[in-house]
Structure formats: structure tokens, C-alpha cells
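Going down the list, the sequences are from chains A and B. If you're matching positions, the first sequence starts at 1 in the working numbering and goes up one per residue. If you're matching positions, the second sequence starts at 1 in the working numbering and goes up one per residue. Notes follow once the structure below has been shown.
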Amino acid sequence: MSRFKQALKLFLTFFKIGAFTFGGGYAMIPLIQHEVSEKNNWITDEDILEIVAIAESTPGPIAINSATFVGYRVCGVLGSAAATLGVVLPSFIIILAISFVLNAFQSLRAVQYAFMGIRAGVLALVIKALVSMFKKCPKGWVSYIVMAFAVAVGVLTNINVFLIIIISALFGLVTYSVLRRRAEK
Amino acid sequence: MIFLELFWTFFKIGLFTFGGGYAMLPLIQEQVITHSWLTEEAIVNFIAVSESTPGPFAINIATYVGSQVGSAAYDGNFWFAILGSFFATLGVVLPSFIVILLVARFYQQFKSSHTVKGLMTGLKPAAIGLIASAVISMAATVFIPNGFSTAMFKSVELYISAAIFALCVFLVFYKRKKIPPVLIICIAAVLGIATGYAFNL
């Protein structure tokens, strides 16, 4: 298959993945696995797991990371551009359309009541997401210190979130290096 | 230049988000509110929209903020809304795109890098701590939108929101059957409408 055809197929596959996953991120992984490894044999199942691991340790949303990575493996930079565009486009179109509808209906009384209820529901959903992230996170005193630091500084001060992230990353790096050196001795 | 500002802000947000799900939320909250692009309440509302539409939260929120800011800056012009969405979404996608291309090329070095592992031991828990702090500020918006005071205990909305929240927490953590988020949002919406009219809020 020519490179262009391959890229087009990547685009269409990831468009489909983008259009049919609700909730994004991890919800997308089974679909990516089905389309990319079972149907098209672009990548093995083991590599899919690797992609998840990489997506977690690089910046940005998991959906974009996986699309870019799979695209690159299949046909280089062209492939990664095609796959990424494909996964982004459905959301882009749908949300753009919704943002106009939302503006038009927001002042309705029933819609305002609905959103009053919805906000309480969303809080529950985000708490659920937080709990499952916590369960997946490696435990240990370094983790707990960083978590406590991030919550405390985030709630009590106006310190920039970017700065909190940088400090946490450096703290992780320093403790990791110290612990590793000690283990080697 | 508003479009450049959108691009740059979302570029930074994309670059500093580690981990999936709502890892982006604290950054969005801070950046979008300090720019006065959206209110905190609008962000919470939009999370519901994002949960009920396909695609990742990151792309959805970038597109939404972009369209709101673009159209607000140019009297609700449709084309400027699209342009705003385009720049915000491009901004949030580009850091991942560039970093993954580099990682794909230097895969072996990346995989065995102790620096990456070290940084991650700090980044993962930081994301959790920051989301927790985002949840606390969200809770304040949901339950006491007018701020903390003794008058808040007299507001019927507080008790209605608390009741709907309690029910949703039960449904979300219900072990025997996984209830899809969209259904929870629908239930919350119906309860909101019903109680809103019943108490004539």
C-alpha cells in the first residue's frame, strides 16, 4: 500500500475511534486495540500496552499520544499527523456545534435547573475518577508527600499550578535518584 | 492577539498535563478562570457536556473555550469562533504530538531512562493531589456558589444539590452494575428540573 493510502486509512480509523469513545483517554484503549491490532495488524497487543505506558509518562491527553505513536509506527510523521487529525476532528466538530446550541438555550429556566442538578452529578463523577487514579498510583511515602503538598498548596495558596507540577517532578527525580543510589551500595 | 493567547495558553496546558482522565482539570481551572474566559460554574457544566459527547476531555474543553473566546471577541461571529477553537485545539495537541514523535524515535533510551522514571514518581501523585484540590474548589462552586457565609444554610439549593450529589455518589460507586456517566448526568438533570420547578427556585 502506498504511504498516502496508508495515511488515509489511519485517518479514517482514528476518526472512527474519536467519534465513538465517550469519556476519552482510557475508554479509548480497548477500541484502539480492536482497530489497530486486531483488525489492521498495525501493531501487536504487547505494543498497545507499551503505548499506554508511554502515553502515561509523556505530557498530553492519552488519546492524542496513542494516535501520534501508532501513526508514527505505521508510516512515519505523515502517519502520525493523519492519525492525530483523525482522532481530534470528531470532537472538534461536535463541540463546535454544541457550543452554539448551548449558548442559545442556556438562559432557559429548565436548562438552568437541569444544570443545577448536573453540577452535583459531575462532582460525583470527578470524585470517582480521582479515586480510581489514586488506586492506580504507586503508593509510598514519596507519593503521599507529593499528594499532600499538591493538595495543600493548590487549596491554600495562589501558587501557579505549573510551578507545583515542576516542583513535584523535581522532588520525584531527586528522591528517586537518592533511593536508587542507596540501593546500589 | 486573542488567538495567539489561546494557542499559547493551551500549549502550556497540554505540555504540563501528565496522566489521563481529569489530570488537565486543575490547569484548565486555573488558566481559564484567571483569563476570565469561563466561570468555574461554566467549566463544571461543560464537564457534563464532555462526558456525554465523544472524544477526550482535553480536546472538547479546548474547542469549547476557543469558540467561546473567539466569538465573544468578535461579536458572536461564527468564523472567529471556529478560528478560536482551531488555535486552542492546536495548542493542546501540539506538545503531545512533538513529544511523542521524539519518544518514538528514541524509544529505547526513553524506556530505560532513570530520569523519566524519577520525574514520573513525582508527577503521578502531583496530578492526584492537584485534581483533589480542583475537586474541593468545584465542590464550593456546586454547593455554595455565593461564597461561605451563614446565609448559605438558608438556601434551598444547597440541600437539593447535596441530596442529588449523595445519590450520584451512591450510583457512581455502585459495585454490582456499572452505570454509564451519561445516565448519571441524565438522572441528575431530571432531578434538577423536577426540584427546581417544585421549589420554584
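Quick reminder that beta carbons are idealized off the backbone N, C-alpha and C, glycines included. Keep in mind the model is a prediction, meaning the values are calculated, not measured.
*Does the region 64–73 of chain A come close enough to the region 96–107 of chain A to have 3 or more Cβ pairs within less than 8 Å?*
no
*asked:* For B:Gln108 and B:Met120, what's the separation of their Cα atoms in angstroms?
replied: Working through the second sequence from its first residue, we reach residue 108 of chain B at position 108. Working through the second sequence from its first residue, we reach residue 120 of chain B at position 120. Each residue's alpha carbon lies about 17 Å from the other.
*Where does B:Phe106 sit, in a helix, a strand or coil, going by DSSP?*
Taking the first residue of the second sequence as 1, we reach residue 106 of chain B at position 106. Looking at B:Phe106 - three-state DSSP - the assignment turns out to be coil, as it is neither helix nor strand.
*Taking B:Ile59 as the reference, which of B:Gly14, B:Ser112, B:Ile98, B:Glu157 has the closest Cα?*
Looking up residue 59 of chain B in the second sequence gives position 59. Ranking the options by Cα distance to B:Ile59, first place goes to B:Gly14.
*From what residue to what residue does the alpha helix (DSSP H) around A:Gly154 run?*
Locating residue 154 of chain A in the first sequence gives position 154, where the first residue counts as 1. 141–156 is the extent of the alpha helix (DSSP H) around A:Gly154.
*Can you name the residues of chain B whose CB is closer than 8 Å to the CB of A:Ile127?*
Translated into the one-based positions of the first sequence, residue 127 of chain A becomes position 127. Under the 8 Å cutoff, chain B gives Val135, Val169, Val172.
*Find out if the Cβ-Cβ distance for the pair B:Gln29, B:Ala139 is shorter than 8 Å.*
As a position in the second sequence, residue 29 of chain B is number 29, starting the count at 1. As a position in the second sequence, residue 139 of chain B is number 139, starting the count at 1. Contact: no.
*Boundaries of the alpha helix (DSSP H) in which A:Gln202 is found, first to last residue*: Since the first and last residues shown for chain A are 1 and 185, residue 202 of chain A lies out of range.
*The alpha helix (DSSP H) spanning A:Cys137 covers which residue range?*
If you number the first sequence from 1, residue 137 of chain A lands on position 137. Per DSSP, A:Cys137 belongs to no alpha helix (DSSP H) and is neither H nor E.
_Contact criterion: CB-CB distance below 8 Å. Does B:Glu5 meet it with respect to chain A?_
Within the second sequence, numbered from 1, the residue matching residue 5 of chain B stands at position 5. With 8 Å as the cut-off, B:Glu5 does not count as an interface residue toward chain A.
_Delimiting residues of the alpha helix (DSSP H) encompassing A:Phe92_ = Here residue 92 of chain A is taken as the residue at index 92 of the first sequence, counted from 1. Run containing A:Phe92: 62–105, per the alpha helix (DSSP H) assignment.
*Measure the CB-CB distance between B:Gly84 and B:Ser71 and report whether it falls below 8 Å.*
Sequence index remark: in the second sequence, residue 84 of chain B carries index 84 (1-based). Sequence index remark: in the second sequence, residue 71 of chain B carries index 71 (1-based). A contact, by the Cβ cut-off of 8 Å.
*Could you give the residue range of the alpha helix (DSSP H) that holds A:Ile166?*
Translated into positions along the first sequence, residue 166 of chain A becomes position 166. In the DSSP assignment, A:Ile166 falls within the unbroken alpha helix (DSSP H) covering 161–184.
*Counting pairs of beta carbons, one from the region 7–22 of chain A and one from the region 78–86 of chain A, are three or more of them closer than 8 Å?*
yes
*Give the DSSP-derived three-state secondary structure of B:Phe199 in the structure shown.*
The residue you call residue 199 of chain B lines up with position 199 of the second sequence. Coil at B:Phe199, not helix or strand.
*In terms of DSSP beta bridges, what is B:Phe18 paired with?*
Here residue 18 of chain B is taken as the residue at index 18 of the second sequence, counted from 1. Its beta-bridge partners are A:Pro59.
_Span of the alpha helix (DSSP H), counted from its first residue to its last, around A:Arg3_ = Taking the first sequence and counting its residues from 1, the one referred to as residue 3 of chain A is at position 3. Counting along the chain, the alpha helix (DSSP H) containing A:Arg3 begins and ends at 3–20.
*So, does the CB of A:Ser37 fall closer than 8 Å to a CB anywhere in chain B?*
In the first sequence, the residue the question calls residue 37 of chain A occupies position 37. So no, A:Ser37 is outside the interface.
*CB B:Phe18 to CB B:Leu171, shorter than 8 Å?*
Against the second sequence, residue 18 of chain B aligns to sequence position 18. Against the second sequence, residue 171 of chain B aligns to sequence position 171. No, these two residues do not count as a Cβ contact at 8 Å.
*When the cut-off is 8 Å and only beta carbons count, does B:Tyr74 lie next to chain A?*
The residue labelled residue 74 of chain B in the question sits at position 74 within the second sequence. Under the 8 Å criterion on CB atoms, B:Tyr74 is classed as non-interfacial with respect to chain A.
*For B:Pro26, which three-state DSSP category applies?*
Walking along the second sequence from the start, residue 26 of chain B turns up at place 26. DSSP, read as helix, strand or coil, puts B:Pro26 in helix.
*Under 9 Å between beta-carbons, which chain B residues line up against A:Ser80? List them in chain order, please.*
Here residue 80 of chain A refers to the residue found at position 80 of the first sequence. Result: Phe97, Ile100, Leu101, Ala104.
*asked:* Can you pull out the residues from the region 43–61 of chain B whose beta carbon lies closer than 9 Å to at least one beta carbon of chain A?
replied: Residues Val44, Asn45, Phe46, Ile47, Ala48, Val49, Ser50, Glu51, Ser52, Thr53, Pro54, Gly55, Pro56, Phe57, Ala58, Ile59, Asn60, Ile61.
*DSSP state of B:Pro95, grouped into three classes?*
On the second sequence, position 95 is the one that residue 95 of chain B refers to. Three-state DSSP puts B:Pro95 in a helix.
*Among residues of its own chain, excluding the 5 on either side of A:Asn40, which ones have a beta-carbon nearer than 8 Å to its beta-carbon?*
Translated into the one-based positions of the first sequence, residue 40 of chain A becomes position 40. Excluding sequence neighbours, A:Asn40 sits near Lys9, Thr13.
*Establish whether the CB of B:Ser67 and some CB of chain A are separated by less than 8 Å.*
Along the second sequence, read from residue 1 onward, the residue named residue 67 of chain B stands at position 67. So, interface residue.
*Neighbourhood of A:Val153 by C-beta distance below 6 Å, restricted to the same chain and skipping five residues each side*: On the first sequence, residue 153 of chain A is found 153 positions in, with the first residue counted as 1. Correct list, in chain order: Ile159, Ile164.
*Within the same chain, show all residues whose beta-carbon is closer than 7 Å to that of A:Ser80, passing over the 5 residues directly before and after it, in chain order.*
What you label residue 80 of chain A is simply residue 80 of the first sequence in a count that begins at 1. Cβ within range, chain order: Thr68, Gly71, Tyr72.
*If I'm right that B:Ile160 touches B:Ala188 with Cβ under 8 Å, what's the distance once you round it to whole angstroms?*
Residue numbering aside, residue 160 of chain B sits at position 160 when the second sequence is read from its first letter. Residue numbering aside, residue 188 of chain B sits at position 188 when the second sequence is read from its first letter. Rounded to whole angstroms, the Cβ separation of B:Ile160 and B:Ala188 is 11 Å, and the two are not in contact under 8 Å.
_CB contact check: B:Ser161 to chain A, cutoff 8 Å_ = By one-based count along the second sequence, residue 161 of chain B stands at place 161. So, interface residue.
*Give me the Cβ distance between A:Ala63 and A:Ala7, rounded to the nearest whole Å; I'm assuming they're in contact under 8 Å.*
For the purposes of this step, residue 63 of chain A is taken as residue 63 along the first sequence, with counting starting at 1. For the purposes of this step, residue 7 of chain A is taken as residue 7 along the first sequence, with counting starting at 1. 18 Å between Cβ atoms; not a contact.
*List the residues of chain B whose Cβ lies closer than 8 Å to the Cβ of A:Cys137, in chain order.*
As a working note, residue 137 of chain A is residue 137 in the first sequence. Those within 8 Å of A:Cys137 in chain B are Lys124, Pro125, Ile128.
*Taking B:Ala151 as the query, report the chain A residues whose CB atoms sit under 8 Å from its CB, ordered along the chain.*
The sequence position of residue 151 of chain B within the second sequence is 151, counting from 1. Near B:Ala151 there are no residues of chain A at all, since even the closest Cβ is about 18 Å away, more than 8 Å.
*Spell out whether any CB of chain B is found under 8 Å from the CB atom of A:Gly86.*
Taking the first residue of the first sequence as 1, we reach residue 86 of chain A at position 86. For A:Gly86, not one C-beta of chain B is nearer than 8 Å to its own C-beta.
*asked:* Suppose the cutoff is 8 Å on Cβ atoms and the five residues either side in sequence are ignored; what does the same chain contact list for B:Leu6 look like?
replied: Residue mapping note: residue 6 of chain B aligns to position 6 of the second sequence, counting from 1. Val65, Gly66, Val69, Gly70, Gly84, Phe87, Ala88, Gly91.
*How many whole angstroms separate the CB atoms of A:Gly18 and B:Pro54, which I take to be in contact at a CB cut-off of 8 Å?*
Here residue 18 of chain A is taken as the residue at index 18 of the first sequence, counted from 1. Here residue 54 of chain B is taken as the residue at index 54 of the second sequence, counted from 1. Right, their Cβ atoms sit about 7 Å apart.
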